[in-house]
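Peer 1:
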Amino acid sequence: MASNNPSQLLPSGTHTSLPSTSEELDLKNRDSVAELIDRCIGSKIRVIMKGDKELVGVLKGFDVYVNMVLEDVTDEITAEGSRVTKLDQILLNGNNIAILVPGGAPEDVE
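The sequence shown maps to residues 1 to 110 in UniProt numbering.
(1) Let me know the secondary structure DSSP gives residue 52 once reduced to three states.
(2) Just checking my contact of residue 53 with residue 75 at CB under 8 Å: how many whole Å lie between their CB atoms?
(3) Within the continuous beta strand (DSSP E) that includes residue 90, where are the two ends?
(4) Which residue or residues does DSSP assign as beta-bridge partners of residue 44?
(5) Note down, in chain order, each residue of its chain lying with its Cβ closer than 7 Å to the Cβ of residue 51, except the 5 sequence neighbours on either side.
(6) Along the beta strand (DSSP E) that carries residue 101, what are the first and last residues, could you check?
(7) Compare the beta carbon distance of residue 70 and residue 90 with 8 Å and say whether it is the shorter of the two.
(8) Measuring only the C-alpha atoms, how far is residue 11 from residue 32?
(9) Can you tell me which of 104, 56 and 47 puts its alpha carbon nearest to the alpha carbon of residue 66?
(10) Can you tell me whether residue 42 is buried or exposed? The criterion is at least 16 other CB atoms within 10 Å of its CB, across all chains shown.
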């Protein structure tokens, strides 16, 4: 009889602990994302927000909701209106963050 449990299809001794619920899977994904962001603390990061705003600054910290504190921030408006604003520090709401790019601006990456 065929089994619905994928871990039972593996040879003996190679069983992995698969998440049993979607909640458990979400927790594992959240932990790995947090580890990736944690590696960027203290270094320059580019944050692309929902809409036309991009920010480049030094990541000082974040929480489980991916709210972030950046220092030495350059705020750029990308769509044709080339406005640049310098800020000492800013708190970003994680709900409005679309993409995180370690290393800051593309010309800063070696």
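Beta carbons are placed, not taken as given, at the ideal position from N, Cα and C, and that holds for glycine.
Peer 2: This is what the structure gives:
(1) coil
(2) 7 Å
(3) 84-92
(4) 58
(5) none
(6) 97-102
(7) yes
(8) Since pLDDT at residue 11 reaches only 45, below the 50 mark, its modelled position is unreliable, and no value is offered.
(9) 47
(10) exposed
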